[in-house]
Every structure is written in structure tokens, then in C-alpha cells.
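K.L.:
Before anything else, here's the structure in question.
Chains as they are written, first to last, in our numbering: chain Z, 763 to 814; chain D, 212 to 379.
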């Protein structure tokens, strides 16, 4: 039997602060990165045998 | 090559990703997770083998509500926005690629698919992708834009996240 899928830990202290600080940066992916993600996704989408 | 949603009747084609725990999860546990509505596993296969698989479940990223000192610090640093104590997420519980199919970017394409799916035709709100990465897989997830949830990690896996809002 494999190890169970672990619950995502609740963040506290510096970890919680850093998480919020990262969100506050409101970084946006470049147009190139968005296009690359869409292209990779479309390949997997083309393999689907069902509606996701 | 095709992707099927794992069913109880599914007959697995040979699979070995080089990680015994991931192999065991797919071949021994994934159907139980599906039966218990705990995770849905998607299997990519060709005529001869299982090429890759990934398992998804609902998740959330939570900040401890009782950690008053941290909340004061957050409000002091970022006073202009309201902050939630939890955010909806989708968890990649497991992701494995057959040894014979590795280094062909299929792992990255699976991540791209999850990202794209949950920013476009999502049926529920979801702003993060989470994963418990094996130590050896941390660089792979970092290359795909994932960040560490915690500075220090004990155990075999490292919780990581990807902020989907960067794509919208």
C-alpha cells in the first residue's frame, strides 16, 4: 500500500506571512508563458476520451 | 495515446515510473480512492503501456485563524486588501510518468492541462494548484512555477503550490 495523500498543512507564522506576501506581488505570467501553458494543455486535451 | 478516467473495471497496462510508492498508488490504491470519492485518477495509455497518470482532489490552502501575531503582521504590511483564511485549490495527489516516457515533457503538459482547465471551464472556484512533491521532484515543480508552501519540511514529500491567478 502506498503512503496516503497527505492533507495540505495549515500555514502559520513565517510560512503564512510569506504566502500572503507572494500573493500580494500579484505576479502575472508573460504572454509567452500563457501561450506555452495553453499549448501543453491542448495536447493533453486532445487525448481525452471523455468530457472533463 | 489516450486518457481515460480510472474506473473500477480498468485493466492496467504495465507501469513503472521508478518510484515504488507511485507505482503502488496507481496499481493498488487509486481505485479505492475513486470508490471513496477521495481522488479521481486519470490514466494516459497507449497500446502497450500506461504512459502516465495523475490524481486530482479538492483541496484548500489555509492560514491558521488562531495565529493572531501573524495576522497582525499581515494586516500591518498589506493594509489595503482583505485577506482570507483559506483559498480553494485542486490537489495533484499523485503524478507519475513511465520510465519509458520520461524526458518528453508529458509531466509538464499534464501540469499545463490542470492549470488551463481550472482557469477556463472550471465548475467551482479554484485559485491554486497544490501538490505534495517527492524531494527529487521539487526541481521539476519549481521549473513549472510551483513554490514551496513551507520553508522547512519534514517527511518524504514537500507541499508546494501554484497560483492560478497569474494566468488570468
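Just so it is clear, CB atoms sit at the ideal spot from N, CA and C, and this is done for glycine as well.
Remember, it's a predicted structure, so these values are computed and weren't measured experimentally.
1. Can you check whether the C-beta of residue 789 (chain Z) is within less than 9 Å of a C-beta belonging to chain D?
2. Kindly give me the distance between the Cβ atoms of residue 341 (chain D) and residue 287 (chain D), rounded to whole angstroms, as I take these residues to be in contact under 8 Å.
3. Counting contacts by CB-CB distance shorter than 9 Å, is residue 794 (chain Z) in contact with chain D?
4. At the 9 Å Cβ level, is residue 310 (chain D) part of the contact set with chain Z, yes or no?
5. Given residue 236 (chain D), which residues of its chain have a CB within under 7 Å of its CB, disregarding the five upstream and five downstream residues?
6. Using the Cβ count rule (16 or more neighbours within 10 Å means buried), how would you classify residue 370 (chain D)?
7. Taking 9 Å as the cut-off, decide whether the C-beta atoms of residue 254 (chain D) and residue 215 (chain D) are in contact.
8. For the candidate residues D:318, D:333, D:218 and D:295, whose alpha-carbon lies nearest to that of residue 348 (chain D)?
9. Taking any Cβ of chain D, which residues in the segment 796-810 of chain Z have a Cβ under 7 Å from it, in chain order?
10. For residue 317 (chain D), which of helix, strand or coil comes out of DSSP?
11. At which residues does the alpha helix (DSSP H) containing residue 351 (chain D) begin and terminate?
12. Using DSSP with H/G/I as helix, E/B as strand and the rest coil, what is residue 257 (chain D)?
P.N.:
This is what the structure holds:
1. Translated into positions along the first chain, residue 789 (chain Z) becomes position 27. Yes, residue 789 (chain Z) lies at the interface with chain D (some Cβ there is under 9 Å from its Cβ).
2. Residue 341 (chain D) sits at position 130 when you count from the first residue of the second chain. Residue 287 (chain D) sits at position 76 when you count from the first residue of the second chain. In fact, because the Cβ distance is near 27 Å, the residues do not count as touching under 8 Å.
3. Locating residue 794 (chain Z) in the first chain gives position 32, where the first residue counts as 1. Judged by the 9 Å Cβ criterion, residue 794 (chain Z) is not in contact with chain D.
4. In the second chain, counting from the first residue as 1, residue 310 (chain D) sits at position 99. No, because no Cβ of chain Z sits closer than 9 Å to the Cβ of residue 310 (chain D).
5. Counting from 1 along the second chain, the entry for residue 236 (chain D) is found at position 25. So the list reads 305, once near-sequence residues are dropped.
6. Position 159 of the second chain, counting from 1, holds the residue named residue 370 (chain D). Classification of residue 370 (chain D): buried, given that the 10 Å Cβ count is 16 or more.
7. Taking the first residue of the second chain as 1, we reach residue 254 (chain D) at position 43. Taking the first residue of the second chain as 1, we reach residue 215 (chain D) at position 4. Yes; because the gap between Cβ atoms is below 9 Å, this pair is in contact.
8. Counting from 1 along the second chain, the entry for residue 348 (chain D) is found at position 137. Comparing Cα positions, the closest option is D:318.
9. 796, 799, 800, 802, 803, 805, 806, 807, 809 and 810
10. Taking the first residue of the second chain as 1, we reach residue 317 (chain D) at position 106. Here residue 317 (chain D) sits in helix by DSSP.
11. Stepping through the second chain from its first residue, residue 351 (chain D) is reached at position 140. Taken as a continuous stretch (DSSP letters only), the alpha helix (DSSP H) holding residue 351 (chain D) covers 349-354.
12. Sequence index remark: in the second chain, residue 257 (chain D) carries index 46 (1-based). DSSP places residue 257 (chain D) in coil when its eight states are reduced to three.
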